[in-house]
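For what it's worth, my numbering labels the leading residue of the sequence shown as 11, then goes sequentially. Note that beta-carbon positions come from the ideal geometry of N, C-alpha and C, so glycine has one too. Written below as structure tokens is the structure these notes are about.
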Amino acid sequence: MAPHESPMFSRRPAGAGEVGELRGNCPKSLLSALDALAMARNLDRTAYVNQVLDAHVADEVHKASVLVRTLRGNPFLPDDLGGTSE
Numbered sequence: 011m012a013p014h015e016s017p018m019f020s021r022r023p024a025g026a027g028e029v030g031e032l033r034g035n036c037p038k039s040l041l042s043a044l045d046a047l048a049m050a051r052n053l054d055r056t057a058y059v060n061q062v063l064d065a066h067v068a069d070e071v072h073k074a075s076v077l078v079r080t081l082r083g084n085p086f087l088p089d090d091l092g093g094t095s096e
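Listed below in structure tokens is the structure:
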């Protein structure tokens with residue numbers, strides 16, 4: 011099975027804002043907690059999880075951006091990202 015055919019990487023047909031489907035198992039206790047957090051914000055679970063994932067991705071991209079900017083010329087950064095070979 012190719013990675014894009016795996017349930018974890020399941021995709022719906024393109025359109026409607028390029029929306030894909032994210033599926034996977036998780037503990038029921040986590041689902042209950044996510045539902046409670048979503049209800050506290052007047053959201054459904056999917057909307058809440060999308061907000062959490064969006065914030066997480068934005069944070070990780072920011073970290074990566076800072077690393078690339080600040081490590082330019084540093085041998086720890088790969089050459090193709092602006093590092094230098096020793």
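Notebook entry, point to check: Taking 8 Å as the CB-CB limit, is Met-49 close to chain C?
Noted result: Included in the structure is just one protein chain, with no chain C present.
Notebook entry, point to check: DSSP state of Asn-84, grouped into three classes?
Noted result: Coil.
Notebook entry, point to check: In this structure, does DSSP put Ser-95 in helix, strand or coil?
Noted result: The answer is coil: DSSP assigns Ser-95 none of H, G, I, E or B.
Next item on the list: Assign Gly-30 to one of three DSSP states: helix, strand, or coil.
Entry: Under the three-state reduction of DSSP output, Gly-30 falls in the coil class, being neither helix nor strand.
Check: Is the distance from the Cβ of Tyr-58 to the Cβ of Leu-47 below 8 Å?
Finding: Closer than 8 Å, so yes.
Next item on the list: From the DSSP output, in three-state form, read off Leu-47 for me.
Entry: Leu-47: helix per DSSP, three-state reduction.
Check: Straight-line CA distance for Leu-63 to Leu-32?
Finding: So the alpha carbons of these two residues sit roughly 11 Å apart.
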